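Colleague:
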Amino acid sequence: MTTPENSEPVAGIGERSQAGAGGEYPQPAGLMRVTGYPPPLAVPRLATAGDRIGAALLDGGIAVVTLGVGWFIWSLFTWQHGQSPGKSLLGYVVVDALTGEPFGWGRMFVRELLIRAILFSGAGALTCGVFSLVDAGTIFRQDVRCLHDQAAGSAVVVLRAG
1 MTTPENSEPV AGIGERSQAG AGGEYPQPAG LMRVTGYPPP LAVPRLATAG DRIGAALLDG
61 GIAVVTLGVG WFIWSLFTWQ HGQSPGKSLL GYVVVDALTG EPFGWGRMFV RELLIRAILF
121 SGAGALTCGV FSLVDAGTIF RQDVRCLHDQ AAGSAVVVLR AG
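This is the structure in structure tokens:
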């Protein structure tokens, strides 16, 4: 699998590619090149379930402290980089699960507002929270993707080392 022109081959979630030193060594599954970021950040790792839960708690805390308004306004700026405010502070980026391209503003709007806030929250309300628990519980899958990630075609990666 390759990305658009001027990019290196990448591994989709759960796949292996020959990207590496001269194409000789396979890239471990779950790692991908995120284009548009400098080389030290070029091959991030998938965010773990703990990483993702931490970012969600941070986003929730920011939303509570700012009564939702500050979180939303901040999101309007961070979505252009494929991040929520919490993901931005922790160095996580939402990327296309197949290409590793960071989500832009439009795809983040669809992922965060249309899929998560409207569609999935509505389904959670109709099922007395059961759907929301199932969505959150799927983070423990091997590919660390919730149902909303699968619906949006996204994955979350960690850009910062450590």
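When we follow UniProt numbering, the leftmost residue of the sequence shown carries the number 1, and every step to the right adds one. Virtual Cβ for every residue (Gly too), placed ideally from N, Cα, C. These numbers come from a predicted model, not from an experiment.
What number of angstroms, rounded off, separates the C-alpha of residue 163 from the C-alpha of ALA151?
Modeller: This structure cannot speak to residue 163, because the chain is shown only from 1 to 162.
Colleague: Taking only three categories from DSSP, how would you classify SER75?
Modeller: helix
Colleague: To which residues does DSSP link LEU46 through a beta bridge?
Modeller: VAL157
Colleague: In whole angstroms, what is the alpha-carbon distance linking TYR25 and ARG111?
Modeller: Bear in mind that the predicted position of TYR25 carries a pLDDT of just 34, short of 50, making it too unreliable to give a figure here.
Colleague: So GLY54 packs on LEU90, CB below 8 Å; how close in whole Å?
Modeller: Confirmed, about 7 Å.
Colleague: Where does the unbroken alpha helix (DSSP H) through VAL95 begin, and where does it stop?
Modeller: Residue range 92–96 is occupied by the beta strand (DSSP E) that includes VAL95, with no alpha helix (DSSP H) assigned at that position.
Colleague: Give the single residue among PHE72, TRP71, VAL93 whose Cα lies nearest to the Cα of HIS81.
Modeller: VAL93
Colleague: What does the alpha-carbon distance come out to for the pair VAL144 and ALA47?
Modeller: Their Cα atoms are separated by approximately 7 Å.
Colleague: If PHE109 sits next to HIS148, beta carbons under 8 Å apart, how far is it from one beta carbon to the other, in whole angstroms?
Modeller: That pair is no contact at about 13 Å.
Colleague: Starting from SER121, trace the alpha helix (DSSP H) both ways and give me its first and last residue.
Modeller: 121–126
Colleague: With a Cβ-Cβ cutoff of 9 Å, do PRO85 and ILE115 count as a contact?
Modeller: no
Colleague: Taking just the CA atoms, how far does TRP79 sit from ALA125?
Modeller: 26 Å
Colleague: When the Cα of ALA117 is compared with those of GLU101, GLY104, ASP135, which residue comes out closest?
Modeller: ASP135
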